Amino acid sequence: MTDIKKCFYTTILSQTISGDGKYLFCGSNFGEILIYSIDRILSCSESSNGDPDKPPTAPHAIFPLPEKCQVYSLSFYKDFLIVGLNSEICGYAWNVKNATVGKRAWTVKLPV
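Numbering (UniProt numbering), first residue to last: 1 to 112.
Written out as structure tokens, the structure is:
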């Protein structure tokens, strides 16, 4: 079930595109990274037929961060999704075959 209040108050603070250009990553103020399939979004303008329960603009996946803090920055380098949070920068492994975000591979703590 969708949390309607959360939908109304979600703010996207950062975005980036995967290295292969197939996925759009959006960082929210609720500590989530929403992953969208660019092909799926573009296909919605070509045909009006589709699954009414899952519109083409629905996220392919939602990756909740354990910190639940705002995602200030996103970048992509090779097979890593680089995420800028409160006082740290993290690198998460990106699985191209499964289109999934893996475990945190590294963290850089920033002085506060």
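The beta carbon of each residue, even a glycine, is placed where N, CA and C say it ideally should be.
Note that the structure is a prediction, hence the values are computed from the model and not measured.
Checklist entry - Taking the alpha-carbon positions, what's the Gly19 to Val112 distance? => result 31 Å
Checklist entry - Hey, Pro59 and Ile35 are a contact pair by Cβ (cut 8 Å); roughly how many whole angstroms apart? => result 6 Å
Checklist entry - Rounded to the nearest angstrom, how far is the Cβ of Ile17 from that of Leu24, given a contact under 8 Å? => result 6 Å
Checklist entry - Helix, strand or coil for Ser14 per DSSP? => result strand
Checklist entry - Helix or strand or just coil, what does DSSP make of Ser43? => result helix
Item to check | Straight-line Cα distance separating Asn95 from Cys69 | outcome: 23 Å
Checklist entry - So what's Lys109 in DSSP terms, helix, strand or just coil? => result strand
Checklist entry - Which residue or residues does DSSP assign as beta-bridge partners of Thr100? => result Asn95
Checklist entry - Where DSSP assigns a beta bridge to Ala61, which residues make up the other side? => result Ile35
Item to check | Reduced DSSP category for Cys69 - H, G, I as helix; E, B as strand; rest coil | outcome: coil
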